[in-house]
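To convert a position in the sequence shown, counted from 1, into this note's numbering, add 318. We put the CB at the ideal spot given by N, CA and C, even for glycine. In this text the structure is predicted, and so the values were computed from the model without any measurement. To start, the structure under review is shown below, and the notes come after it.
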Amino acid sequence: MHDLTILIPINQGIAYRYILQTDIFKEIQSKAKKIIILVPEPTDPFYENIKLYNNVIVEDYRQAACEKYLNFINV
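Here it is as structure tokens:
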């Protein structure tokens, strides 16, 4: 089970609190090889404590690009 890569998109503060400040994150973190967290501002110091985990990557959410893609496929 430790070969899992998990992608977690977080575009709102409530999602951050729900996933990353509860036992959900601890459970995922202990079982996943890699966790990629997509957030609107990955350089925000708010995410520094999450970046301390060796198997966690914090990346740019790129919400505008996601919306453009969704509009394209829904045509």
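Same chain, Cβ closer than 6 Å to residue i, neighbours up to 5 away in sequence not counted
i: LYS352; result: THR323, ASN373
i: LEU325; result: ILE354
Cβ-Cβ distance between residue i and residue j below 8 Å
i: GLN347; j: TYR371; result: yes
i: ILE355; j: ILE328; result: yes
i: ASP378; j: PRO360; result: yes
Same chain, Cβ closer than 7 Å to residue i, five either side skipped, listed in chain order
i: TYR365; result: VAL357, VAL376
i: ASP321; result: LYS351
i: TYR263; result: Nothing can be reported for residue 263, as the shown portion of the chain is limited to 319 through 393.
Which of helix, strand or coil DSSP assigns to residue i
i: ILE328; result: coil
Burial state of residue i (16 or more Cβ within 10 Å)
i: ALA281; result: This structure does not reach residue 281, given that the chain is present from 319 up to 393, and the question cannot be answered.
i: PHE390; result: exposed
field: Runs of alpha helix (DSSP H) lying entirely within the segment 347 to 380, each at least 4 residues, in chain order
entry: 366 to 369
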